[in-house]
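Residue numbers (my numbering), protein chains in the order written: chain A, 37 to 234; chain B, 37 to 234. Scroll down for the structure; my scribbles are underneath it.
2 protein chains.
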Amino acid sequence: MGITAKGRATRQRIVEGAAVHLRSAEPGSLTLDDVRAITGTSKGQLFHYFPGGKEELLLAVARFEADRVLDDQQPHLGALTTWTAWRRWRDAVVARYRAQGAHCPLASLLGQVTTTPGATEVVATLLEQWEGHLRRGIVAMQADGLVDAELDAGRHAAALLAGVQGGVQVLRSTGSSRHLEAALDLGIDRLRREPART
Amino acid sequence: MGITAKGRATRQRIVEGAAVHLRSAEPGSLTLDDVRAITGTSKGQLFHYFPGGKEELLLAVARFEADRVLDDQQPHLGALTTWTAWRRWRDAVVARYRAQGAHCPLASLLGQVTTTPGATEVVATLLEQWEGHLRRGIVAMQADGLVDAELDAGRHAAALLAGVQGGVQVLRSTGSSRHLEAALDLGIDRLRREPART
DNA sequence: CGCTTCCTGGACTCGTCGGTCCAGAAAATT
DNA sequence: AATTTTCTGGACCGACGAGTCCAGGAAGCG
Numbered sequence: 037m038g039i040t041a042k043g044r045a046t047r048q049r050i051v052e053g054a055a056v057h058l059r060s061a062e063p064g065s066l067t068l069d070d071v072r073a074i075t076g077t078s079k080g081q082l083f084h085y086f087p088g089g090k091e092e093l094l095l096a097v098a099r100f101e102a103d104r105v106l107d108d109q110q111p112h113l114g115a116l117t118t119w120t121a122w123r124r125w126r127d128a129v130v131a132r133y134r135a136q137g138a139h140c141p142l143a144s145l146l147g148q149v150t151t152t153p154g155a156t157e158v159v160a161t162l163l164e165q166w167e168g169h170l171r172r173g174i175v176a177m178q179a180d181g182l183v184d185a186e187l188d189a190g191r192h193a194a195a196l197l198a199g200v201q202g203g204v205q206v207l208r209s210t211g212s213s214r215h216l217e218a219a220l221d222l223g224i225d226r227l228r229r230e231p232a233r234t
Numbered sequence: 037m038g039i040t041a042k043g044r045a046t047r048q049r050i051v052e053g054a055a056v057h058l059r060s061a062e063p064g065s066l067t068l069d070d071v072r073a074i075t076g077t078s079k080g081q082l083f084h085y086f087p088g089g090k091e092e093l094l095l096a097v098a099r100f101e102a103d104r105v106l107d108d109q110q111p112h113l114g115a116l117t118t119w120t121a122w123r124r125w126r127d128a129v130v131a132r133y134r135a136q137g138a139h140c141p142l143a144s145l146l147g148q149v150t151t152t153p154g155a156t157e158v159v160a161t162l163l164e165q166w167e168g169h170l171r172r173g174i175v176a177m178q179a180d181g182l183v184d185a186e187l188d189a190g191r192h193a194a195a196l197l198a199g200v201q202g203g204v205q206v207l208r209s210t211g212s213s214r215h216l217e218a219a220l221d222l223g224i225d226r227l228r229r230e231p232a233r234t
């Protein structure tokens, strides 16, 4: 019945191994043989733990990576209640993606999953949580009178998230973090100056 | 010697046919047989016109599509000299990507090209031109006194481009144009209110 | 018309990769 | 200890798709 501790360990090893491969120089397209090689497992095990085959495996890895994305921005992202926190968050994002360079594990991953409901769901969830953190941060700042209460928090959170996403994408293509930094700096700065309206 | 008119026509037919396929429901991965089927050509022709094989073909299609991206934003993008022009440009971008929905031909295309210098070059060029238009628009507005002259045009152009890119990406994942619109509207609005600084 | 060059078609090869299958080792359970 | 379940290894298969090759048709050219 069910699964043993050993089994769970192996499954975990597979997911993490695949993730490691994605972070390597040339992730290109991840093949099951790649996973086998890096994790020291056999085809049998792969299909034992992921009966849905490659797709199920990749989706598991995608979820794993999606969690990392947010984790890497903590603890700042979870407590954007002061300008200092925003600043630290900004730095963490820039640092993370600059270090990552052209290799966005999630991106190269999702490029391989045939556009299936599962894949979009992973992305949607990630974006939702991310934006939620930003929005709650803005609201908290408003509650403390640090940001104009009139400002539409949801709208600004959405725009900021878009800026970050786009900045990262440009960074992946050109290698420069200029756009990411501009989007972050101007986006955060915008929160300060909103009261100047009319 | 060289190439005849007939040959050029065939080559063009191949590129455009491939582009059509990418715009269809399930572009997934474009195979040479797909191209063959849709363009009524043979393997021989494909390799005759693209000796570099699939990669060279895909790159040609990518360049073709990249041009379309900017063309679809004209004439507005080329003459962002009034607030009305900015508004129209904004609407054109939203309309284009909303219509396109989850299918970004360029994105699904570049996902298939093994990260080669050629691929990044296409993207880099596109982004560069795009940003150049935005920057020149801001500068023009500054010259006419419609935008604060102190404002860093390059920085704002970069942030705006990032917002658009990210907005489109979110739209591709979630189907909602909320982020794209927020990024555009707040980004453009920011140009108006900059003088409020300090 | 003869000759060269370009264009077209499609059969064929060959590597890759996801997925299947089953035999047997290792644990758990009684 | 017996038996049942879970775990592991790897040989094997079949599909698919990129790229090769060459024979033959069309078009330019003296």
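Every residue, glycine too, gets a C-beta built ideally from N, C-alpha and C. This structure is a prediction, so every number in the text was calculated from the model and none was measured.
- Looking at Gly89(B), Gly53(B), Asp107(B) and Ala155(B), the one whose alpha-carbon comes closest to that of threonine 210(A) is Ala155(B).
- For histidine 84(B), the closest Cβ of chain A is not nearer than 7 Å.
- When Cβ-Cβ separations below 7 Å define contact, glycine 203(A) makes contact with chain B.
- In this structure the region 63 to 77 of chain A does not lie against the region 119 to 129 of chain A, because fewer than three pairs of beta carbons, one per stretch, are closer than 8 Å.
- With the criterion set as a beta carbon lying under 8 Å from some beta carbon of chain A, the members of the region 149 to 175 of chain B are Thr150, Thr151, Thr156, Val159, Ala160 and Leu163, in sequence order.
- In the structure shown, glycine 114(A) adopts helical secondary structure according to DSSP, grouped into three states.
- Across the structure, glutamine 81(B) and glycine 76(A) are spaced so that their CA atoms are roughly 44 Å apart.
- Arginine 214(A) has a beta carbon lying within less than 7 Å of a beta carbon in chain B.
- Separation of the CB atoms of valine 51(A) and valine 97(A) is rounded to 6 Å, and the pair is thereby assigned contact status at 8 Å.
- The C-beta of alanine 98(A) comes no closer than 7 Å to any C-beta of chain B.
- Among the CB atoms of chain B, one or more fall inside 7 Å of the CB of serine 209(A).
- Look at alanine 121(A): its C-beta is not under 7 Å from any C-beta on chain B.
- Shown here for histidine 215(B): same chain residues with a beta carbon closer than 8 Å to its own, the five before and five after excluded, namely Gly202, Gly203, Val206 and Leu207 in chain order.
- The CB of histidine 57(A) never comes closer than 9 Å to any CB in chain B; the least such distance is about 15 Å.
- With the criterion set as a beta carbon lying under 7 Å from some beta carbon of chain B, the members of the region 40 to 73 of chain A are Gly64, in sequence order.
- Contact note: histidine 192(B) reaches chain A through Ala218 and Leu222, using a C-beta cutoff of 8 Å and chain order.
- Non-local beta-carbon contacts of alanine 185(B) in its own chain, meaning distances under 6 Å to residues more than five positions away in sequence, involve Gln178 in chain order.
- Residues of chain A whose Cβ lies closer than 7 Å to the Cβ of valine 200(B) are, in chain order, Gly202.
- For the region 102 to 180 of chain B, the continuous alpha helix (DSSP H) assignments of 4+ residues that do not extend past its boundaries occur at 119 to 136, 141 to 146 and 153 to 179, in sequence order.
- With a cutoff of 7 Å on beta-carbon distance, alanine 219(A) and alanine 54(B) are scored as not near each other.
- Cβ contact annotation for leucine 113(A) (same chain, cutoff 7 Å, sequence separation greater than five): Leu106, Trp125 and His169, in chain order.
- Rounded to whole angstroms, the separation of the alpha carbons of tryptophan 122(A) and leucine 145(B) is 36 Å.
- Taken atom to atom, the span from the alpha-carbon of glycine 147(A) to that of leucine 182(B) is near 43 Å.
- Secondary structure note for phenylalanine 83(A): its alpha helix (DSSP H) is the uninterrupted segment 79 to 85.
- Proximity of chain A to arginine 126(B) at the Cβ level (cut-off 7 Å) is not reached, the minimal Cβ distance being about 13 Å.
- Assignment of alpha helix (DSSP H) within the region 40 to 101 of chain B, counting only whole runs of 4 or more residues, yields 41 to 59, 68 to 75 and 79 to 85 in chain order.
- Linking valine 200(B) to histidine 192(B) through their CA atoms gives a straight-line distance of about 12 Å.
- Around the beta carbon of alanine 45(B), fewer than 16 other beta carbons lie within 10 angstroms, which makes this residue exposed.
- Our two residues, threonine 152(B) and cysteine 140(A), have alpha carbons roughly 16 Å apart in a direct line.
- Closer than 7 Å to the CB of alanine 195(B) there is at least one CB belonging to chain A.
- Scanning Gly190(A), Asp180(A), Ala143(A) and Arg171(A) for the CA closest to the CA of glutamate 101(A) turns up Ala143(A).
- For leucine 182(B), no alpha helix (DSSP H) run applies, since DSSP gives it neither H nor E.
- Residue burial annotation: glutamate 164(B) is exposed, with fewer than 16 other C-beta atoms found within 10 angstroms of its C-beta.
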